[in-house]
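Residue numbers (our numbering): 3 to 205. We put the beta carbon where it would ideally sit given N, CA and C, even for glycine. Remember, predicted model here, so these are calculated numbers, not experimental data. The block underneath contains the structure these notes are about, expressed in structure tokens.
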Amino acid sequence: MILYEKGRALYLNLTNRCPVSCGFCVKVPWDYRFEGNDLRLKGPEPTSAQLINALEAKLGAGGDWREVVFCGFGESTFRLDEMTKVGLYLKTHYPKVKRRLNTVGLGDLIWGRNIVPELARYLDEVAVSLNTADPKQWIELLRPAPAYRDAGFAASRAFAANCVKAGIRTRVTAVELPEVDLKPLELYAKSIGADFTARPILA
Ligand code: SF4
Numbered sequence: 003m004i005l006y007e008k009g010r011a012l013y014l015n016l017t018n019r020c021p022v023s024c025g026f027c028v029k030v031p032w033d034y035r036f037e038g039n040d041l042r043l044k045g046p047e048p049t050s051a052q053l054i055n056a057l058e059a060k061l062g063a064g065g066d067w068r069e070v071v072f073c074g075f076g077e078s079t080f081r082l083d084e085m086t087k088v089g090l091y092l093k094t095h096y097p098k099v100k101r102r103l104n105t106v107g108l109g110d111l112i113w114g115r116n117i118v119p120e121l122a123r124y125l126d127e128v129a130v131s132l133n134t135a136d137p138k139q140w141i142e143l144l145r146p147a148p149a150y151r152d153a154g155f156a157a158s159r160a161f162a163a164n165c166v167k168a169g170i171r172t173r174v175t176a177v178e179l180p181e182v183d184l185k186p187l188e189l190y191a192k193s194i195g196a197d198f199t200a201r202p203i204l205a
């Protein structure tokens, strides 16, 4: 399933790949299912044309859709080119529908460059899942792949700060875990001009 609904939002499931393997992730325990939707991508990852067609089937039919969110069981920034095509299409054809990215904040490391200027062309909002203000704990919680282990913590924070500077409404997010003191993360979010949201662990 490449598109699913939640409230008044349409969610795009662009990939099942992740640069991290969060200890609190429900992807594998829930067998890639979320609220009745099967988010396991069995064939090739969706093309921008497939994503736009799926969106058109919903948005083109009317309905009170408020938001499109790049967020599936995977890190959407792996599909940056497709995101950009879809995001710009939405901005042109459905400007009243907001565009948001939910991310773990490692897109700059994935691409080896600052991707924020590209995202700022079409995103209204970004939610960056930082989860802790402690670099050692970040590794313990998110269990990054080797390529992201050393630089990932700093890169994800820089990504969030750059999103704020680029004028994208930015929300730092965290899962409420008993071993994490969220106050320093909330203060960090405020210090860079971002909002902060903690959410209960999914179970
Ligand atoms: S980034 Fe999301 S999908 Fe990926 S491992 Fe973490 S919680 Fe799971």
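- Put simply, the backbone Cα of Ala205 is about 13 Å away from that of Asp33.
- Across the set Asn164, Tyr190, Lys167, the C-alpha of Tyr190 shows the shortest separation from the C-alpha of Thr175.
- Under the DSSP assignment, Ser131 falls in the beta strand (DSSP E) whose first and last residues are 127 to 131.
- Per DSSP, reduced to three states, the secondary structure at Asn104 is strand.
- In this structure Leu108 touches Glu77 by the C-beta definition: roughly 7 Å separates them, less than 8 Å.
- Under the DSSP definition of a beta bridge, Val177 partners with Arg201.
- By the Cβ rule, the segment 42 to 49 does not count as touching the segment 129 to 149, because fewer than three pairs are nearer than 8 Å.
- According to the DSSP secondary-structure assignment, Val71 is paired through a beta bridge with Tyr13, Arg102.
- Counting C-beta atoms within 10 angstroms of its own C-beta, Ala56 has 16 or more neighbours from the protein chains shown and is therefore classed as buried.
- Rounded to whole angstroms, Leu5 and Arg159 show a C-alpha spacing of 29 Å.
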